[in-house]
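Enquirer: Residue numbers (the numbering used here): 1 to 170.
For each residue, glycine too, the CB sits at the ideal point set by N, CA and C.
These numbers come from a predicted model, not from an experiment.
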Amino acid sequence: MKTGGIGIGLILASAASLAPAQGFYAAATAGLMDADIDGYDPATNAGVLLGYEFFRREIVYLSAEAEFTTTLSDGDLDHGGRSGHWDIDSRAAYLAARVGERFYLKVRYGVSWTDVGTRFEGRSRSSSDSSGSWGGALGFNFSDHWGVQADGVLVDPDVTYWNLGAVYRF
């Protein structure tokens, strides 16, 4: 009887240690800003994702997220044999739904604000825009606190941020 109780206790403790912590989380991301515009090659961006899980039912989590990205390496522009460069910075706010604990799938929808700059034949242009933003992710939690997430999110009607991030849950 005593051995069975110890065994059940160990199983429950092991299961609890695999469940991710609820509450705040942060991620450092890096990836490509892929513009769906002829002549634009991807720019390389890095970002920070901050979130808070405010609801949990079984394996379903709801959270609020904020994401900030900036260009590390400009994308190339090519138009009619002439070349230039482009970059993009983004800020976004999302409502996200995650299904799963150790392995998970996440979808999110919100709004993003982008600042795009182009340098073409000695001329610079910049523009700012806001739009609806949505995306999805696949993730794996190594422990209660650490995980990795592959993500794709439309940050602008013509630009998708494909990234990989390290996630830390507080």
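Could you give the first and the last residue of the continuous beta strand (DSSP E) run that contains isoleucine 88?
Expert: Segment 82-99, the beta strand (DSSP E) holding isoleucine 88.
Enquirer: Could you pull the start and end residues of the beta strand (DSSP E) that aspartate 38 belongs to?
Expert: From DSSP, aspartate 38 is part of no beta strand (DSSP E); its letter is neither H nor E.
Enquirer: State buried or exposed for valine 99, treating a residue as buried only when at least 16 other CB atoms are found within 10 Å of its CB.
Expert: Result: exposed.
Enquirer: Assign glycine 171 to buried or exposed, taking buried as 16 or more other Cβ atoms, counted over all protein chains shown, within 10 Å of its Cβ.
Expert: No statement about residue 171 is possible, as the shown extent of the chain runs from 1 to 170 and does not include it.
Enquirer: Please classify leucine 49 as buried or exposed, where buried requires at least 16 neighbouring CB atoms within 10 angstroms.
Expert: The residue in question, leucine 49, is buried, as its Cβ has 16 or more Cβ neighbours within 10 Å.
Enquirer: For the beta strand (DSSP E) holding aspartate 76, just list the boundary residues, first then last.
Expert: Element bounds for aspartate 76: 75-79.
Enquirer: Please classify isoleucine 59 as buried or exposed, where buried requires at least 16 other C-beta atoms within 10 Å of its C-beta.
Expert: Isoleucine 59 should be labelled exposed.
Enquirer: Between the C-alpha atoms of arginine 91 and asparagine 45, what's the straight-line distance to the nearest angstrom?
Expert: Answer to the nearest angstrom: the Cα atoms are 12 Å apart.
Enquirer: Taking the CB atoms as reference points, tell me whether alanine 93 and alanine 137 lie closer together than 8 Å.
Expert: No, the pair does not count as a contact, with Cβ atoms beyond the cut-off.
Enquirer: Which term fits glycine 132, buried or exposed, when burial requires 16 or more other beta carbons within 10 angstroms of its beta carbon?
Expert: With fewer than 16 other Cβ atoms within 10 Å, it is exposed.
Enquirer: Counting along the chain, where does the beta strand (DSSP E) carrying glutamine 149 start and finish?
Expert: First-last of the beta strand (DSSP E) with glutamine 149: 146-156.
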